[in-house]
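Enquirer:
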Amino acid sequence: MERKSFRERFLNRKVILIVMVTVIIIGAGTGVGLLKASENPSFCATCHIIKPYYESWSESALLDHKHAAEDVTCQECHHNSIPEKAMEGINFITGNYTLPLEGGPDTSREFCLECHSPEGEGISWDEIQAATDFEESNPHDSHHGEQECNVCHQMHEPSYVFCSECHIFNWIDDLDEEAWTNAW
415 MERKSFRERF LNRKVILIVM VTVIIIGAGT GVGLLKASEN PSFCATCHII KPYYESWSES
475 ALLDHKHAAE DVTCQECHHN SIPEKAMEGI NFITGNYTLP LEGGPDTSRE FCLECHSPEG
535 EGISWDEIQA ATDFEESNPH DSHHGEQECN VCHQMHEPSY VFCSECHIFN WIDDLDEEAW
595 TNAW
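Spelled out as structure tokens, the structure:
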């Protein structure tokens, strides 16, 4: 059996080390690049199951487009961690997902009110009620008690006038028919 010289063993280790470092650098660079790209809404559209949401965000009459017009990106509501983003990519590539997509952003009133204020620092429910105190009714002062925003307000589909299940108010007629549906 022929023994390798010190120099041959050193060169083999050096080649292995260079290959490993190269793979790590390329992997890290790709990861950072994908992470940065995922902050751009058009990147979200590269996935065929997300494309309709992106199109709605970029060019519809729905609430998500109103957010787009204010430069609110997908990531500002969809706060996915790096491992969650990685799993989404893996699930897309392997086809391991269900439609409609499960989960989504936090839709609690507190989450929405973090941004919806003149100062962008949140707004109280009382201030929301004062801003929508119409002559005949106030959709944010329900006799059903406090409601979550998504009872009426939807992002990627027409919003729904919950009050219209029982009431007919003139202000409902002023809503954009493409962006809102009602019970009648």
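So for the sequence shown, the working numbering puts the first residue at 415; every next one is plus one. Note that the Cβ used here is the ideal one computed from N, Cα and C, for glycine as well. Here the structure is a predicted model, which means the values were calculated and not measured.
Quick one: Cα of residue 482 to Cα of residue 433, how far?
Expert: In the sequence shown, the residue the question calls residue 482 occupies position 68. In the sequence shown, the residue the question calls residue 433 occupies position 19. Each residue's alpha carbon lies about 44 Å from the other.
Enquirer: Distance check for residue 524 and residue 594, CA to CA, integer angstroms please.
Expert: In the sequence shown, counting from the first residue as 1, residue 594 sits at position 180. In the sequence shown, counting from the first residue as 1, residue 524 sits at position 110. Near 23 Å, if we compare the C-alpha coordinates of residue 524 and residue 594.
Enquirer: Quick one: what's residue 573 bridged to in DSSP?
Expert: Counting from one through the sequence shown, the residue named residue 573 turns up at place 159. Its beta-bridge partners are 594.
Enquirer: Between the beta-carbon of residue 519 and the beta-carbon of residue 563, is there less than 9 Å?
Expert: The sequence position of residue 519 within the sequence shown is 105, counting from 1. The sequence position of residue 563 within the sequence shown is 149, counting from 1. Cβ distance not < 9 Å, so residue 519 and residue 563 don't count as in contact.
Enquirer: Which residues bound the alpha helix (DSSP H) around residue 498?
Expert: Along the sequence shown, read from residue 1 onward, the residue named residue 498 stands at position 84. Residues 496–508.
Enquirer: Answer with buried or exposed for residue 539, where buried requires no fewer than 16 other C-beta atoms within 10 angstroms of its C-beta.
Expert: The residue given as residue 539 occupies position 125 in the sequence shown. Residue 539 is exposed by the Cβ-count criterion.
Enquirer: Let's test the definition: count the other Cβ atoms within 10 Å of the Cβ of residue 522 and tell me whether it reaches 16, buried, or not, exposed.
Expert: In the sequence shown, counting from the first residue as 1, residue 522 sits at position 108. Counting Cβ neighbours within 10 Å, residue 522 comes out exposed, since fewer than 16 surround it.
Enquirer: Compute the distance between the beta-carbons of residue 569 and residue 478, then report whether it is under 9 Å.
Expert: For the purposes of this step, residue 569 is identified with residue 155 of the sequence shown, where counting begins at 1. For the purposes of this step, residue 478 is identified with residue 64 of the sequence shown, where counting begins at 1. Yes, these two residues count as a Cβ contact at 9 Å.
Enquirer: In whole angstroms, what is the alpha-carbon distance linking residue 587 and residue 572?
Expert: Numbered from 1 along the sequence shown, position 173 holds the residue referred to as residue 587. Numbered from 1 along the sequence shown, position 158 holds the residue referred to as residue 572. Cα to Cα, residue 587 sits roughly 15 Å from residue 572.
Enquirer: Could you spell out the range, first to last residue, of the alpha helix (DSSP H) harbouring residue 428?
Expert: Along the sequence shown, read from residue 1 onward, the residue named residue 428 stands at position 14. 420–451 is the extent of the alpha helix (DSSP H) around residue 428.
Enquirer: State yes or no: is the C-beta of residue 526 within less than 9 Å of the C-beta of residue 567?
Expert: Your numbering for residue 526 matches position 112 in the sequence shown. Your numbering for residue 567 matches position 153 in the sequence shown. For residue 526 and residue 567, yes; Cβs fall inside 9 Å.
Enquirer: Helix, strand or coil: which one does DSSP assign to residue 586?
Expert: Here residue 586 refers to the residue found at position 172 when the sequence shown is read from its first residue. It is helical.
Enquirer: What is the DSSP secondary structure of residue 485, reduced to helix, strand or coil?
Expert: In the sequence shown, the residue the question calls residue 485 occupies position 71. The answer is coil: DSSP assigns residue 485 none of H, G, I, E or B.
Enquirer: In terms of residue numbering, what span does the alpha helix (DSSP H) encompassing residue 467 cover?
Expert: Against the sequence shown, residue 467 aligns to sequence position 53. 465–473 is the extent of the alpha helix (DSSP H) around residue 467.
Enquirer: Using a Cβ distance threshold of 8 Å, determine whether the stretch 537–552 contacts the stretch 502–519, with at least three qualifying pairs required.
Expert: In short, these stretches do not touch, since the Cβ pair count stays below three.
Enquirer: Hey, out of 439, 498, 549 and 581, whose CA is closest to residue 558's CA?
Expert: As a working note, residue 558 is residue 144 in the sequence shown. The shortest Cα separation from residue 558 among 439, 498, 549 and 581 belongs to 581.
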